[in-house]
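Each residue of the sequence shown is one higher than the last, beginning at 1 in full-length UniProt numbering.
For every residue, glycine included, the Cβ atom is placed at its ideal position computed from N, Cα and C.
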Amino acid sequence: MSDSSHFDDSSDAIRDIAEVPAVEVITTTAVHLMSAAAVKCGLADDPDLELDLDEARKLITALAGLVTASAPFLGDQHARSLRDGLRSLQLAFREASAVPDAVGEGPGEKYTGPVN
1 MSDSSHFDDS
11 SDAIRDIAEV
21 PAVEVITTTA
31 VHLMSAAAVK
41 CGLADDPDLE
51 LDLDEARKLI
61 TALAGLVTAS
71 APFLGDQHAR
81 SLRDGLRSLQ
91 LAFREASAVP
101 DAVGEGPGEK
111 YTGPVN
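Written as structure tokens, this is what we have:
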């Protein structure tokens with residue numbers, strides 16, 4: 001691959017991403033975080049994938065920050081579905097934990113408040 005074709009590919013990618021609305025970028029990022037967190041919480045169909053609650057905590061907390069910060073810009077329909085997915089992951093994390101976090105101390109709860 002020549003330097004000029006690499007530059008052309010990069011320019012095309014930048015132009016493509018420039019055309020994507022912010023709501024779509026935020027929503028896509030949130031879906032990726034949700035999917036990764038679900039796998040780490042043990043919700044994957046593949047029994048060979050191991051539970052990794054440390055990684056799940058990081059992903060859920062990042063998702064909570066993203067959803068909380070971007071909700072005013074997303075509109076009610078998008079924000080509600082992301083909040084519902086986030087809450088489901090927070091509850092799945094709590095269920096998967098051998099020693100549950102104190103109320104308000106679970107992943108993302110500093111952004112969302114306590115989840116029951």
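Alpha carbon to alpha carbon, how far is residue i from residue j?
i, j, result
"residue 113", "residue 85", "15 angstroms"
"residue 97", "residue 15", "44 angstroms"
"residue 74", "residue 32", "17 angstroms"
"residue 80", "residue 23", "13 angstroms"
"residue 64", "residue 82", "9 angstroms"
"residue 54", "residue 68", "21 angstroms"
"residue 106", "residue 90", "7 angstroms"
"residue 100", "residue 93", "9 angstroms"
"residue 21", "residue 37", "25 angstroms"
"residue 58", "residue 52", "10 angstroms"
"residue 62", "residue 44", "20 angstroms"
"residue 78", "residue 48", "33 angstroms"
"residue 46", "residue 35", "13 angstroms"
Following the continuous alpha helix (DSSP H) through residue i, name the residue where it begins and the one where it ends.
i, result
"residue 86", "76–96"
"residue 23", "22–40"
"residue 50", "Segment: none, residue 50 is in no alpha helix (DSSP H) and carries neither H nor E."
"residue 109", "109–112"
Using 10 angstroms around the beta-carbon of residue i, count the other beta-carbons present and answer buried if the total reaches 16, otherwise exposed.
i, result
"residue 108", "buried"
"residue 11", "exposed"
"residue 66", "buried"
"residue 115", "buried"
Contact defined as beta carbons within less than 8 angstroms: I believe residue i pairs with residue j. What is the distance between those atoms, to the nearest angstrom?
i, j, result
"residue 56", "residue 40", "4 angstroms"
"residue 70", "residue 26", "5 angstroms"
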